[in-house]
Structures are given as structure tokens and as C-alpha cells.
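0 is the number of the first residue of the sequence shown in numbering that gives the first Met the number 0; add one for each residue after it. Where is the CB? At the ideal position from N, CA and C, for every residue including glycine. Working notes, structure below.
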Amino acid sequence: MKHIKVGDLMTDEVVSVVTSTSFKDVAKLLAQHDISGLLVLDEEDRVLGVISESDLIVRQTAEHPLMSDAPGGRGTFASEVSFTAGEVMSAPAVTVHAEETAAGAARLMAHRGIERLPVVDEEDRLVGIVTRRDLLMLFLRPDAEIRRRVVEEILTDTMGLGAGPVTVHVLDGIVTLDGRLERQSQVPVLVRLTGQLEGVVGVVPRLTARVDDSPLAAPPRSPLGMPW
0 MKHIKVGDLM
10 TDEVVSVVTS
20 TSFKDVAKLL
30 AQHDISGLLV
40 LDEEDRVLGV
50 ISESDLIVRQ
60 TAEHPLMSDA
70 PGGRGTFASE
80 VSFTAGEVMS
90 APAVTVHAEE
100 TAAGAARLMA
110 HRGIERLPVV
120 DEEDRLVGIV
130 TRRDLLMLFL
140 RPDAEIRRRV
150 VEEILTDTMG
160 LGAGPVTVHV
170 LDGIVTLDGR
180 LERQSQVPVL
190 VRLTGQLEGV
200 VGVVPRLTAR
210 VDDSPLAAPP
220 RSPLGMPW
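This is how it looks when you write it as C-alpha cells:
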């Protein structure tokens, strides 16, 4: 079964800076490109960290102590110092590879509580970026396309059943499977594969089986090792 890859959804035009980029220039880039975050790269295009709007706000609003004494008794405060991207960024950056599944990237974002994932190649050099907005496209797939993939990719190609035994209905991303399979062990497999398909919000199984081939539970044993 074919899954959508990160490389299918990523954007290859990425706004980035180096560690020496000033705090002010970072803020200008965020505003100019109307984005909420950008990447910090080294001289070989490897991702070192990420700067978000919240990183800038936290640094800008933090209370800074007196940094040094200037001539004439006037102190120099941190708010007057030009911070760099390397000092403000969140590091290390969480990254993915282009061949990883989009569903896996979405789970990683949710688990780490992040808005974007840099996409890197085999040598960890930047090739693109994928955002939560990009991954939302997975759940905007037409019901007809989801149904077609369930029938063709899961029932026919993967399980070799064809469309006959199971009727597939899809409404707003919720897939209802109605029918009778040959073996009971095929039911959880079909439900699991359908739930993993991009765009599927939920699965309602209304399935029976002609033969119950589920493994029998082992009988309880007495303290002496003999079954009751």
C-alpha cells in the first residue's frame, strides 16, 4: 500500500539564517515572509536549530540584569545588545527525511508540540520544510478518493480480496466497512490498514467472518502445572 511521503508535501523554498544573523534581521525576515519561524543553518546547510516568533518574544520581554558599566556611570543593558540567531534559536532541531511517511511526521509534530519540521537528506543537509498546515492536506482528501484507495490498494492489492466481500462507504473521512470475510483474523488487519490510510478520520467496522480462526485461549493451570 502506497503512503504519502514527506517529500510529496514539503516546500523546498525555505527561509533560513546563520548563527551570526542579528536578532533584528531575524525579526525582519519573519515579518517580510509572513512566517512564524525559520531555520538556522551552518556553513554546510545542516540544520542547527529553529527560531520561532515565540523565541523572539520571550527574549525581548525577558528581564535582563545590568550587563556592564559604561563610562559616566551609565549601564549597558541586554536590551541594548544585538543578540544573534545562534543565541536565540531552539536547538537541536527535530528533523525528518523526505522518504518518511507524512502520517509519521504528523505524529512526531504532535508528540513534540512543534509547528514545522525541517526535511534533510542522507547527510542531514536541508532540502525543504513541512508544516502542520501542509500535513492538514492529508485530511482534506475527497471521500471518493479515500474509498477508491480502500478498495484498490487495501482490499484488492494488499489483501487479495477484491471489492466483492466488503462494501465501503466513506463520509467526511469516516470509513464504514460492511460485509463478510472468509476468516476472522482478516477483520483486524483490514480495519488497521484502513485506519492507516491518509485522510481517514475513523473506521466503523461492521464485519463478520465465515470461519473463526482466532487462536483459542490457553486453559488455566493449577499450581501444580496441570490444567483444571
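Item                                                                                        : Value
According to DSSP, residues forming a beta bridge with G103                                 : G103 pairs with nothing; no bridge assigned.
Per DSSP, the bridge partner or partners of V208                                            : Position check: residue 208 holds Ala in this sequence, whereas Val was assumed. The partner list for A208 (beta bridge, DSSP) reads L180.
Short Cβ contact (8 Å threshold) for R132 with G198                                         : no
When R124, D123, V95, M136 are compared against L248, the one with the closest alpha-carbon : Residue 248 lies beyond the residue range present for the chain, which begins at 0 and ends at 227; the question has no answer from this structure.
Burial state of F138 (16 or more Cβ within 10 Å)                                            : exposed
Collapsed DSSP secondary structure at T166 in the structure displayed                       : strand
Residue from H110, R111, A104 whose Cα sits closest to the Cα of V119                       : A104
Residues sharing a beta bridge with R115, DSSP                                              : T130
Test item: CB-CB of V5 and E151 under 8 Å                                                   : no
Cβ-based burial, T157 [other Cβ within 10 Å; buried from 16]                                : exposed
Pair within 8 Å by beta-carbon distance, L180 and A143                                      : no
C-beta contact flag for G172 and I153 at 8 Å                                                : no
Residue burial classification, L37 (beta-carbon count within 10 angstroms, cutoff 16)       : buried
Reduced DSSP secondary structure (H/G/I, E/B, other) of I145                                : helix
Beta-carbon proximity check, L47 vs L125, cutoff 8 Å                                        : no
Identified DSSP bridge partners for K4                                                      : T100
Boundaries (first-last residue) of the alpha helix (DSSP H) holding G36                     : Not the alpha helix (DSSP H): G36 falls in the beta strand (DSSP E), residues 36-40.
6 Å CB neighbourhood of R205 in its chain, flanking five on each side removed               : D177
Straight-line gap, G194 to T166 (C-alpha atoms, nearest Å)                                  : 16 Å
L196 to Q59 span [Cα, whole Å]                                                              : 43 Å
Bridge partners - R45, DSSP secondary structure assignment                                  : R124
Residue range of the unbroken alpha helix (DSSP H) whose run includes V17                   : Run containing V17: none in the alpha helix (DSSP H); it sits in the beta strand (DSSP E), 15-17.
Status (buried if at least 16 other CB within 10 Å, exposed otherwise) for S51              : buried
Residue from R182, L135, D212, A162 whose Cα sits closest to the Cα of V200                 : L135
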